[in-house]
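Working notes, beginning with the structure itself.
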């Protein structure tokens, strides 16, 4: 305790103190020209062209700035998680009263140790088969209860609830809260997963967190968490960070969604589709009944038709008609046939009349035959004293050839 | 058929819709006697109505597990 003085010690302004500290720092040999190693985090590149980030190790953090004029060479691929060595001077940003390193040179110290750790663990778990596609289970199409492991206060949870409400409000949500960053996060995430696995009737679990730096998402690369996700009895969907963020939890989950909202979308069907499917099914139901009614109607009319066919009355009528038909038809046919036969007979009779050789005899011709019955057409067929029969219209005259037959002289 | 006796009221959407689809498939096969078909159709209509009501009246139910893991609390919308 200070000795009480007669007059109170006069105070100085904040600005005065800050300026004093700044001048003190800038006059320090060590702080004026120094190399610092650490890992980049929270890097930002505002439109001004300056680059801001925090350089950190396991225990401490140091604010750094690279002026636009110094930025350029070797700074284009700076990103959070990268281990680097930076050179510059330490001073105070008076407005915030914050000391920071004004960087003029950056050199790479190899890949960030977090990234190396990420790759090492990924290779190890991959070798164990934890990320094997064959392990992936299908996500139920229409879940009844969904478990969500996330921070109860995060924006990610509200995003997911809004998505579920909009897409498929039929679902019941069971939130299993857990810290999603910091040292406690891995343990809490494992416990939250385990609790949901013991909750009855959960169809699918979403494990999610909004975007953040590599360090913010680090709990989702924790070996305990990754194993718990892989071991979950209930199928899991991961939705950690942004689209470009990949965590080992994503590899272990049955389905990886790029964001928490996307995870909620993948977990449930869209009620628009569900309604459409219902409407189609209702139409099918109505059509099926109409089809059955149609078939029944056809069956009935067929039976009625057959019934009429076998009725005795129908039989009598039918037989009678058939008989009439047959009668009519045979009579006509017979008449026609007879007519034809008659016509043909008459015609033949006429033709036979003109051809009858005996008709010629009426006109004075005669037919001469020898005793063998052969008709004599030439003098060469007869000799003197042959007996010949001469047939005339009303009988036969037996004759004898008196002299040698004489042939007509040509020209006569 | 025991399915016929099931109370629709306690069903989830998925259960009701699954039974509706079964009924439609059965009617479409045309293997049922007419009277059975009519019963199935009536049941199908009730299921369809139930599904439509569920969709129209659904409100997201949210429950949060207590971090202690012992009890649960209901959260109102």
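Protein chains in written order, with our numbering: chain A, 1 to 412; chain B, 1 to 77. Backbone N, C-alpha and C define an ideal beta-carbon position, used for all residues, glycine too.
Simplified DSSP state of residue i, which is helix, strand or coil
| i | result |
| --- | --- |
| residue 186 (chain A) | helix |
| residue 50 (chain B) | helix |
| residue 18 (chain B) | helix |
| residue 315 (chain A) | helix |
| residue 321 (chain A) | helix |
| residue 406 (chain A) | coil |
| residue 62 (chain A) | strand |
| residue 375 (chain A) | strand |
| residue 52 (chain A) | strand |
| residue 44 (chain B) | helix |
| residue 399 (chain A) | strand |
| residue 421 (chain A) | Since the first residue shown for chain A is 1 and the last is 412, residue 421 (chain A) is missing from the structure and cannot be characterised. |
| residue 257 (chain A) | strand |
| residue 24 (chain B) | helix |
| residue 64 (chain B) | strand |
Distance, residue j Cα to residue i Cα
| i | j | result |
| --- | --- | --- |
| residue 47 (chain A) | residue 7 (chain A) | 52 Å |
| residue 19 (chain A) | residue 193 (chain A) | 53 Å |
| residue 122 (chain A) | residue 202 (chain A) | 29 Å |
| residue 301 (chain A) | residue 337 (chain A) | 46 Å |
| residue 13 (chain B) | residue 172 (chain A) | 12 Å |
| residue 388 (chain A) | residue 364 (chain A) | 18 Å |
| residue 341 (chain A) | residue 333 (chain A) | 12 Å |
| residue 329 (chain A) | residue 299 (chain A) | 37 Å |
| residue 309 (chain A) | residue 317 (chain A) | 11 Å |
| residue 149 (chain A) | residue 288 (chain A) | 45 Å |
| residue 274 (chain A) | residue 58 (chain A) | 51 Å |
| residue 395 (chain A) | residue 339 (chain A) | 39 Å |
| residue 111 (chain A) | residue 43 (chain A) | Any reading at residue 111 (chain A) is ruled out, since the residue's pLDDT is 46, under 50, leaving its predicted position unreliable. |
| residue 54 (chain A) | residue 40 (chain A) | 6 Å |
| residue 322 (chain A) | residue 312 (chain A) | 15 Å |
| residue 418 (chain A) | residue 179 (chain A) | Past the edges of chain A, shown from 1 to 412, lies residue 418 (chain A), and the structure says nothing about it. |
| residue 139 (chain A) | residue 204 (chain A) | 7 Å |
| residue 17 (chain A) | residue 162 (chain A) | 50 Å |
| residue 343 (chain A) | residue 335 (chain A) | 12 Å |
| residue 229 (chain A) | residue 251 (chain A) | 10 Å |
Start and end residues, alpha helix (DSSP H) containing residue i
| i | result |
| --- | --- |
| residue 7 (chain B) | No alpha helix (DSSP H) contains residue 7 (chain B), which DSSP labels as neither H nor E. |
| residue 291 (chain A) | 271-310 |
| residue 75 (chain A) | Unbroken run through residue 75 (chain A): none, as it is neither H nor E. |
| residue 17 (chain A) | 14-26 |
Beta strand (DSSP E) segment containing residue i, residue limits
| i | result |
| --- | --- |
| residue 177 (chain A) | 172-177 |
| residue 38 (chain A) | 34-44 |
| residue 261 (chain A) | Per DSSP, residue 261 (chain A) belongs to no beta strand (DSSP E); it is in the alpha helix (DSSP H), 260-267. |
| residue 368 (chain A) | 367-369 |
Sequence-distant residues of the same chain with beta carbon closer than 8 Å to residue i, five excluded per side
| i | result |
| --- | --- |
| residue 46 (chain B) | 8 |
| residue 195 (chain A) | 176 |
| residue 412 (chain A) | Note that residue 412 (chain A) has pLDDT 49, beneath the 50 cutoff, so the model's placement of it is unreliable and the number below is only indicative. If we look at residue 412 (chain A) and ignore the five residues flanking it on each side, it has no Cβ neighbours. |
Spatial neighbours of residue i in its chain, beta-carbon cut-off 6 Å, leaving aside the 5 residues before and after
| i | result |
| --- | --- |
| residue 49 (chain A) | 68 |
| residue 136 (chain A) | 254 |
| residue 107 (chain A) | 85 |
| residue 222 (chain A) | 186 |
| residue 220 (chain A) | 240, 247, 249 |
| residue 155 (chain A) | 210 |
7 Å Cβ shell around residue i - same chain, five flanking residues per side excluded
| i | result |
| --- | --- |
| residue 239 (chain A) | 206, 208, 257, 259, 260, 262, 263 |
| residue 102 (chain A) | 65, 88, 89, 91 |
| residue 41 (chain B) | 27 |
| residue 104 (chain A) | 70, 87, 88 |
| residue 70 (chain B) | Below a pLDDT of 50, predicted positions are generally treated as unreliable, and residue 70 (chain B), at 49, falls in that range; the measurement from the model is reported next regardless. Result list for residue 70 (chain B): empty, nothing under 7 Å. |
| residue 131 (chain A) | 125, 251, 252 |
Continuous beta strand (DSSP E) assignments of at least 3 residues falling wholly in the segment 192-250 of chain A: 204-209, 236-240
Pick out the complete alpha helix (DSSP H) segments inside the segment 84-164 of chain A, 4 residues or longer, and give them in chain order. 113-127
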